[in-house]
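Structure first, commentary second.
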Amino acid sequence: MTQYQHATQKKMEELRKKSCVRILAIETSCDETAAAIIENGRKVLSNVVHTQIPLHVPYGGVVPEIASRSHVQKIGAVVRRALDEAGLALSDLDAVAVTSGPGLVGALLVGLNYAKGLAYAAGLPFLGVHHIAAHIAANYLSYPELKPPFTCLVASGGHSHIIVVEDDSTYRLLGRTRDDAAGEAFDKVARALGLPYPGGPNLERLALEGDPKKYRFHSAFNEGEGFDFSFSGIKTAVVNRMHNAAQAGEELNRADLAASFQHTIVSILADKAVRAAKAQTGDAGKRLALAGGVSANRALREAMESRAKKAGIEFFCPDFAYCTDNAAMVGSAAYDKLMRGQTDDLSLNAVPYLAIDEWMRGA
Ligand code: KG4
Ligand code: ZN
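If you're matching positions, the sequence shown starts at -18 in the working numbering and goes up one per residue.
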């Protein structure tokens, strides 16, 4: 057994008796460099997010190489600030956690290797966390009393999943997108409307001035009985509407288009998520949560809340600070994994396409 393995084994034994467990969590899967310190998986002692948005604006989207380089430049200062804001030193921590996938491989590797280095130097247990499990766990930061089972809609830039969280390590995938993720569709339509990156929040802002019923975008696939989504046809319908109008010299109201597109996506997401919850037996059918970057969208939060209420289902969504990528949610998911006695070896690799069930099985 190596000196590091010996130190972490001792730490795991001590942890079982501790009433206060503090995890340093790191997130670098895409375009935010983030670090947080979380106590007992629910209390946020610090939550530092350095966004790279200004670096990617000139390109209209995330440039992976720029993202990786910026993470390298910023990670040290971001982790330092997370420790300072919590008023803690490395020696006060019990474990180091990091997003290990899915995400941009070069970006993931920065956080992963930094976390490994810290864990090794401080003799602390090390844990990899699945990005979607972390988004789901963001709900526990806002509702510390929330416990599985519940149904969850995860809508981010890379995923649109309906998942039944059976317990803190068992996720049952009910539905997924067949093509674009919800956030990706927002970003692509925003770009077509001439809005700067990041598209989702900018489109939401423009939609506030528009009529959501002005244009109708039908989608036979999404009206079906299943729980999978398809957003690429709707995105194409918006773009075609703009091209046809341009060719005919017709003036289109961009705010109306943005509002109508958002209304279409939000209705599909909310209807399907509530229908999925209603199809569950037991507590998973009584509670519905929202997660992922698109959960910052007010129209979606309101639609989900009112539909859930009508169906007699309790609704949960994270505070705005924990909707888009952050490390606090990573710390929350890591705590549950640590309490199950699960840690990772320092040989853990970044996995750009990591399915949530593979992570559950220890990938
Ligand atoms: O979870 P996240 O921060 O990163 C990924 O894991 O992908 O999600 C980012 C996605 C982007 O597509 C972004 O446009 C979208 O979430 N998003 C929004 C809003 N805020 C972020 N989409 C619609 N309305 C928003 N307010
Ligand atoms: Zn995310």
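Cβ coordinates follow ideal geometry from the N, Cα and C atoms, glycine included.
Quantities reported herein were computed from a predicted structural model and do not represent experimental measurements.
- Distance from the CA atom of Leu108 to the CA atom of Val220, rounded to whole angstroms, is 43 angstroms.
- The alpha carbon of Leu319 has as its nearest neighbour, out of Leu281, Val110 and Ser72, the alpha carbon of Val110.
- If you measure from each CB to the nearest heavy atom of the ligand ZN, the residues under 5 angstroms come out as Ser137 and Asp306.
- Ranked by Cα distance from Lys97, the options Trp340, Ile144 and Asp325 are led by Asp325.
- With contacts defined as CB atoms closer than 8 angstroms, Ala76 and Ile4 qualify as a contacting pair.
- By the neighbour-count criterion, in which 16 or more other beta carbons inside 10 Å mark a residue as buried, Thr151 falls on the exposed side.
- For Ala272, the three-state secondary structure derived from DSSP is strand.
- By a beta-carbon distance limit of 8 angstroms, Ile337 contacts Ala114. Their separation comes to about 6 angstroms.
- Secondary-structure assignment with DSSP links Asn330 through no beta bridge to anything.
- Nearest to Ala163 by alpha-carbon distance, out of Ala284, His140 and Arg153, is His140.
- Runs of the alpha helix (DSSP H) spanning 4 or more residues and lying entirely within the region 29 to 114 occur at 34 to 37, 45 to 67 and 86 to 103, in chain order.
- Spatial neighbours of Gly42 in its own chain (CB-CB distance under 6 angstroms, excluding positions within 5 residues in sequence) are listed in chain order as Tyr178.
- In the structure shown, the three-state DSSP call for Ala6 is strand.
- Secondary structure of Arg157 (DSSP, three-state): strand.
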